[in-house]
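Since the structure comes first, as structure tokens, the remarks are kept for the end.
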Amino acid sequence: MLEIRNLSKRYPNGVQALKGINLTVATGMFGLLGPNGAGKSTLMRTLATLQLPDSGQVRFNGNQVLRQPQLLRPVLGYLPQDFGVYPGMSAFSLLEHFALLKGLSDKKARRRQIDALLELTNLSRVRNKAVSGFSGGMKQRFGIAQALLGAPKLLIVDEPTAGLDPEERNRFHNLLSDLSENTVVILSTHIVEDINNLCPDMAILAQGEIIARGAPDKLTAML
Ligand code: ADP
Ligand code: ADP
1 MLEIRNLSKR
11 YPNGVQALKG
21 INLTVATGMF
31 GLLGPNGAGK
41 STLMRTLATL
51 QLPDSGQVRF
61 NGNQVLRQPQ
71 LLRPVLGYLP
81 QDFGVYPGMS
91 AFSLLEHFAL
101 LKGLSDKKAR
111 RRQIDALLEL
121 TNLSRVRNKA
131 VSGFSGGMKQ
141 RFGIAQALLG
151 APKLLIVDEP
161 TAGLDPEERN
171 RFHNLLSDLS
181 ENTVVILSTH
191 IVEDINNLCP
201 DMAILAQGEI
211 IARGAPDKLT
221 AML
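Residue 36 in full-length UniProt numbering sits at position 36 of the sequence shown, and the numbers go up by one each step.
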């Protein structure tokens with residue numbers, strides 16, 4: 001269970017990106033829909049404990065995770081909207097590196113999991129190639145593999161399907177659905193269809209505020 005209370009964030013340039021967000025999300029797929037600039041990425045980075053809000057709190061399974069991010073990180077998967085710069089390491093080495101950071105200390109189990117994720121994201125053939133040289137779609141799939149390391153209990157996915165072809169997109173959606181049986185998955189997007197097909201529950205974010213919450217068939221009828 002993810003509980004967000006009174007979360008507010010104002011950037012130094014004066015933009016009030018979040019205005020007192022309150023939201024409780026149970027296990028399963030949850031869609032966060034909003035136009036560009038609504039505050040989705042700010043909220044996603046805050047939930048991933050990569051950015052602190054000005055005020056408010058976030059609890060995951062009862063733990064105050066903004067105060068104690070170390071309690072969340074081992075069970076957190078985060079797929080950012082943009083991936084930044086990768087070092088010239090191979091896909092396999094980089095996944096191993098992230099797996100170690102996540103505390104996956106058993107070498108055999110770790111490698112088995114990395115092999116399975118490379119297979120799942122269709123990257124087995126390029127496992128020894130540098131991620132920095134990957135195409136956009138491949139980087140996207142690599143990001144998915146990275147986010148799924150350690151079988152996260154909270155998975156934060158920010159605008160995921162840009163750069164995926166329709167088949168990859170389907171595959172990724174199926175994967176999220178399977179995972180969501182015992183994981184809180186928050187899917188942030190400006191694409192209504194992504195949420196309609198996947199999420200039994202959703203909210204609409206506009207100008208830093210939750211303006212509606214409920215089932216997609218009811219909410220998207222308002223749009
Ligand atoms: P999004 O597509 O989620 O709206 P943007 O493309 O606006 O994100 O932003 C991309 C990156 O630039 C993010 O890391 C964001 O924090 C940063 N950014 C966005 N707007 C500004 C701004 N006005 N000043 C400084 N950084 C910004
Ligand atoms: P979304 O993901 O819904 O597009 P963002 O969270 O990226 O929304 O941005 C919300 C607002 O905050 C936008 O007006 C954006 O320009 C601004 N913003 C985002 N990141 C920064 C930043 N690092 N510095 C200043 N303003 C930012």
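Don't be surprised by glycine CBs; every beta carbon is placed ideally from N, CA and C.
Model, not experiment: these values are computed from the prediction.
Original post:
If you count every other CB in all the chains shown that lies within 10 Å of the CB of residue 68, and 16 or more means buried, which is it?
Top reply: An exposed status is given to residue 68, since fewer than 16 other beta-carbon atoms sit within 10 Å of its beta-carbon.
Subject >> Reduced DSSP secondary structure (H/G/I, E/B, other) of residue 156 >> reply: Per DSSP, reduced to three states, the secondary structure at residue 156 is strand.
**OP:** May I ask you to check if the CB of residue 82 is nearer than 8 Å to at least one heavy atom of ligand 2?
**Re:** Flag unset: Cβ of residue 82 not near ligand 2.
Original post:
Does the pairing of the stretch 160 to 179 with the stretch 8 to 20 give three or more beta-carbon distances under 8 Å?
Top reply: No: the two stretches stay apart, fewer than three of their Cβ pairs being nearer than 8 Å.
Original post:
How is the beta strand (DSSP E) around residue 56 delimited, first residue to last?
Top reply: It spans 55 to 60 - the beta strand (DSSP E) in which residue 56 sits, taken as one unbroken run.
**OP:** Going by CA-CA distance only, name the one from 201, 130 and 215 that's closest to residue 27.
**Re:** Considering only alpha carbons, the answer is 201.
Original post:
Contact between the stretch 152 to 161 and the stretch 89 to 100: three or more CB pairs below 8 Å?
Top reply: Contact fails: fewer than three Cβ-Cβ distances are below 8 Å.
Original post:
Any chance the CB of residue 41 is under 8 Å from a heavy atom of ligand 2?
Top reply: Yes.
Original post:
Whose C-beta lies closer than 7 Å to the C-beta of residue 220 among residues of the same chain, with five residues either side of it excluded?
Top reply: The beta carbon of residue 220 is closer than 7 Å to those of 192 and 196 in its chain, skipping five residues each way along the sequence.
**OP:** Return yes when at least one heavy atom of ligand 2 lies under 8 Å from the C-beta of residue 15, else no.
**Re:** Using a cutoff of 8 Å, the CB of residue 15 counts as near ligand 2, since one of the ligand's heavy atoms is closer than that.
Original post:
Whose C-beta lies closer than 7 Å to the C-beta of residue 122 among residues of the same chain, with five residues either side of it excluded?
Top reply: Apart from sequence neighbours up to five positions away, the residues of its chain that approach residue 122 with a beta-carbon distance below 7 Å are 141, ordered along the chain.
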